[in-house]
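Heads up: the sequence shown begins at 963 in my numbering, then just goes up one per residue. Ideal Cβ positions, reconstructed from N, Cα and C, are used throughout, including at glycine. Values in this document were obtained by computation on a predicted structure and should not be read as measured data.
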Amino acid sequence: MRKQAGSQPRRLGVASSLAIGAILAACGAPATTQTESHSPTGTTSPAPTGGEFRMGIQPWIGYGGWWIAEEQGIFDEHGLDVRLVDFTSDSEVNSALIAGQLEGASVATHTALRLLELGSPIKIVLVLDQSNEADAILAGPGVDSVADLVGKKVAYEEGATSDILLRYALSQEGLTIDDVERVSTPAADAGAAAIAGRVEAAVTYEPYLTAALQQDEDFELIYTAAEKPGLIGDVLVVREDVATERPDQVAALVEAWGDAIDSYQQNTEDGQHIIETAVGAETGSLATAFEGVELYNLEAAHALMIGEYPQTLEDVMEVALSAGILESAVDAQALLDTSFIERVR
């Protein structure tokens, strides 16, 4: 049976497993661990804008701006009372958001589309990050391009981000998934399968990409997510009622992300340390992963949202449909709301 993206962790290799509590158990939603936001100085924060905002989040470095905002008191500076609620899989986030136990969540683009299909009225109010070289197809001698994959064994995790990347790459060559021999493999093992010669190519992400390339210098990346900005990326979604009833809060949240990324860009070492601590990784262990991911500041996010991203949403939907991640088409354009970022940038 094909695995659905909603049943998989966002990025298993980037973080250790987080402890699971019972914050939502009484409401029939998956168990989670919650983390309260506090000012690092211990000072009293301004009156909260719009009340508490519970944000679903997973241990993926692309969400790093939120941990920086929490650690450096940026939420407090914007009068925000944000509770970051930790999850370990998309399905947990989906259930909690649909059940009304969250005001919003940071999720992959295809997960936002899946939420809409599941009947959750949400809006994408901010594009957070994109994977560039952190998600890629790697291959050995004799496979120099995506076109060379025809008839070859390709290891990848079905129903996940690797599935989306592979199908999109093939489509750009006029090919489909049926043109390759599919070898369903967890992302953690895909690169190793290629190096061992069990398959001719593999689709995976950092840190597995670097680990595989270090084992055999004859292997190289033949296609990366950078070929289609935003294809493998993440967004902030909020419930429609929250966007309508708490516009000041949502705008402040978007602005807080911008300040956090500005801080990250000004002092990247400190920012990466905060993120590594938050996802449970050792300091310095995610260097290659950080190199392959772009965290958007507000200027870059706005340019993408009014530029290529609407088409990217359509492209992701088409690939998600072909992968079985979505069962039916949704109104992808209705998801996007640029009003909040336009208000604060």
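Return no unless some Cβ of chain C is closer than 8 Å to the Cβ of residue i.
i     : result
V1055 : No chain C appears in the structure shown, which is made up of a single protein chain.
Take residue i as the anchor and find which of the options has the nearest alpha-carbon.
i     : options                    : result
E1189 : W1028, A1131, Q1227        : A1131
T1300 : Y1258, I1268, A1122        : I1268
Q1227 : E1253, A1173, I1139        : E1253
V1044 : E1054, S1053, T1050, G1066 : G1066
A1122 : Q1295, L1288, I1303, L1298 : L1288
L1064 : E1014, L1137, E1079, A1096 : E1014
L1257 : T1274, A1282, Q1273, P1191 : P1191
V1069 : G1081, L1080, N1056, S1124 : N1056
What does the alpha-carbon distance come out to for the pair residue i and residue j?
i     : j     : result
R1208 : I1019 : 20 Å
E1120 : E1039 : 42 Å
T1245 : A1251 : 13 Å
T997  : V1199 : Because T997 carries a pLDDT of 38, less than 50, the predicted location of this residue cannot be relied on, and no value is offered for it.
A1263 : L1088 : 7 Å
L1248 : L1171 : 12 Å
Q1134 : L1090 : 25 Å
T1206 : A1213 : 11 Å
S979  : E1261 : Bear in mind that a pLDDT of 31 at S979, under 50, signals an unreliable position, so the number given afterwards is only what the model happens to contain. Taking the straight line from one Cα to the other gives about 33 Å.
L1297 : R1201 : 11 Å
A993  : D1052 : Residue placement at A993 is poorly supported in this model, since its pLDDT is 35, which falls under 50; the coordinates are not used for a value here.
I1086 : D1196 : 10 Å
A1061 : F1302 : 24 Å
With DSSP as the reference, label residue i as helix, strand or coil.
i     : result
Q1211 : helix
E1304 : helix
V1130 : What sits at residue 1130 in the sequence shown is Tyr, not Val. Helix.
L1137 : coil
L1288 : coil
E1054 : helix
A1067 : strand
S1225 : helix
E1119 : coil
L1046 : strand
Where do the N-terminal and C-terminal ends of the alpha helix (DSSP H) with residue i fall, by residue?
i     : result
R1076 : 1071 to 1079
Y1167 : No alpha helix (DSSP H) holds Y1167; the beta strand (DSSP E) holding it covers 1163 to 1167.
L1298 : Here L1298 belongs to no alpha helix (DSSP H), and DSSP marks it neither H nor E.
D1277 : 1271 to 1285
L1260 : 1260 to 1267
A1155 : 1149 to 1157
V1241 : 1230 to 1241
Since residue i contacts residue j with CB under 8 Å, what's their CB separation in whole angstroms?
i     : j     : result
I1023 : A1222 : Incorrect: roughly 13 Å between the Cβ atoms, too far for contact.
I1236 : A1101 : Rounded, the Cβ-Cβ distance is 36 Å, inconsistent with contact.
L1137 : V1112 : 7 Å
T1186 : A1098 : 4 Å
L1193 : V1116 : The pair is not a contact, with the Cβ atoms about 18 Å apart (cut-off 8 Å).
A1154 : V1161 : A1154 to V1161, Cβ: 10 Å. No contact.
Provide the residue span of the beta strand (DSSP E) that contains residue i, from first to last.
i     : result
I1019 : 1014 to 1019
S1093 : 1084 to 1093
E1256 : 1255 to 1257
Y1185 : 1182 to 1186
D1196 : 1195 to 1201
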